[in-house]
Amino acid sequence: MSCLNYSKWDHIEVSDDEDDTHPNIDTPSLFRWRHQARLERDAAWKKEREEFELNYKSFLTKYNESQQKLNKARENNADNIQELQKDFDKLEVEAKEWLVKETEMKKKERLRPLNIDTICKEGKSKTI
Numbered sequence: 001m002s003c004l005n006y007s008k009w010d011h012i013e014v015s016d017d018e019d020d021t022h023p024n025i026d027t028p029s030l031f032r033w034r035h036q037a038r039l040e041r042d043a044a045w046k047k048e049r050e051e052f053e054l055n056y057k058s059f060l061t062k063y064n065e066s067q068q069k070l071n072k073a074r075e076n077n078a079d080n081i082q083e084l085q086k087d088f089d090k091l092e093v094e095a096k097e098w099l100v101k102e103t104e105m106k107k108k109e110r111l112r113p114l115n116i117d118t119i120c121k122e123g124k125s126k127t128i
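No gaps in the numbering here: position 108 of the sequence shown is 108 in the UniProt record's numbering, and each next residue is one more.
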């Protein structure tokens with residue numbers, strides 16, 4: 001019995017060199033098409049991730065501002081506490097939705113197939 005878990009390697013997009021192609025298919029063109037498709041998928045993922053982070057940051061600022069306004073209104077016994085509380089409750093419901101979206105994004109990122117661009121990251125670079 002093996003004690004090592006190799007399931008991490010099940011979702012790797014392997015190198016194109018290992019594929020057997022039909023003799024009537026132009027192999028370099030096929031490799032270029034696959035590479036282009038991979039780059040497009042990566043660009044779409046990056047755009048989706050950046051859009052999510054931007055919207056999430058704007059939500060957090062709105063949430064924090066609402067919380068501060070509500071706290072100041074409570075300290076000063078302002079007249080609009082109920083209105084601010086209602087807005088804050090809506091934002092709390094939205095916060096729960098954002099947590100669900102965040103877990104979905106993490107799941108998508110975890111289940112994303114690994115390839116040469118996502119496996120390897122440069123740890124250190126030294127140029128003279």
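Using N, Cα and C, we set each Cβ at its ideal position, and we do this for glycine too.
Please read these numbers as outputs of a predicted model, since none were measured by experiment.
{"Check": "Using only alpha-carbon positions, find the residue among S58, F31, K8 that is nearest to E94.", "Outcome": "S58"}
{"Check": "Is the separation between the beta-carbon of L60 and that of F88 shorter than 8 Å?", "Outcome": "no"}
{"Check": "I12 bridges to which residues according to DSSP?", "Outcome": "L114"}
{"Check": "Since D20 is in the alpha helix (DSSP H), which residue starts that stretch and which ends it?", "Outcome": "Here D20 belongs to no alpha helix (DSSP H), and DSSP marks it neither H nor E."}
{"Check": "Measuring CB to CB, does N115 end up less than 8 Å from R49?", "Outcome": "no"}
{"Check": "Would you kindly work out how many angstroms separate the C-alpha atoms of R110 and L30, rounded to a whole number?", "Outcome": "27 Å"}
{"Check": "Tell me which same chain residues have a C-beta within less than 7 Å of the C-beta of D42, skipping the five on either side of it?", "Outcome": "D117"}
{"Check": "Beta-carbon within less than 8 Å of I81's beta-carbon, same chain only, minus the 5 sequence neighbours each way: which residues are those?", "Outcome": "L70, A73, R74"}
{"Check": "Quick check on DSSP: helix, strand or coil for T127?", "Outcome": "coil"}
{"Check": "Using CA coordinates, which residue listed in D26, R32, E92 is at the minimum distance from N64?", "Outcome": "E92"}
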